[in-house]
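Numbering (the UniProt record's numbering), first residue to last: 1 to 135.
Take a look at the structure:
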């Protein structure tokens with residue numbers, strides 16, 4: 001694309017059938033960069049994509065739930081799955097955090113116990129070796 005074409009794509013705004021700019025709730029024009037870029041890419045690789053418009057519209061219009069019950073089933077099934085995944089993920093995170101906290105606390109308590117023992121004239125507490133001897 002030439003620099004002029006790139007600038008035109010970046011500065012495109014949405015317009016109605018009368019070629020008047022469409023304004024949002026803040027009375028500002030709405031950008032139309034992404035659809036324009038996609039159109040130009042399709043035009044470059046496929047040729048004029050307007051002949052695909054009717055076919056695409058027909059395919060998109062057939063994408064619907066025949067009954068509202070189908071949509072509810074889809075929504076219930078997949079939203080329940082997503083909710084369950086989030087809950088389990090949070091539980092796993094909490095478990096990991098708790099295990100790390102327990103390890104940190106264990107080291108702190110062992111150190112404090114050793115200091116306590118030395119204050120009263122006893123040998124510091126030493127945990128048993130973690131490796132077991134082979135039989």
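Ideal Cβ positions, reconstructed from N, Cα and C, are used throughout, including at glycine. None of these values were measured; they are calculated from a predicted model.
Tell me whether residue i sits in a helix, a strand or coil according to DSSP, three-state version.
| i | result |
| --- | --- |
| residue 128 | coil |
| residue 13 | strand |
| residue 23 | strand |
| residue 2 | coil |
| residue 112 | helix |
| residue 31 | strand |
| residue 123 | coil |
| residue 18 | coil |
Are residue i and residue j close, meaning C-beta to C-beta below 8 Å?
| i | j | result |
| --- | --- | --- |
| residue 21 | residue 13 | yes |
Taking C-alpha atoms, which residue in the options lies nearest to residue i?
| i | options | result |
| --- | --- | --- |
| residue 38 | 95, 111, 48 | 48 |
| residue 11 | 2, 18, 117, 31 | 31 |
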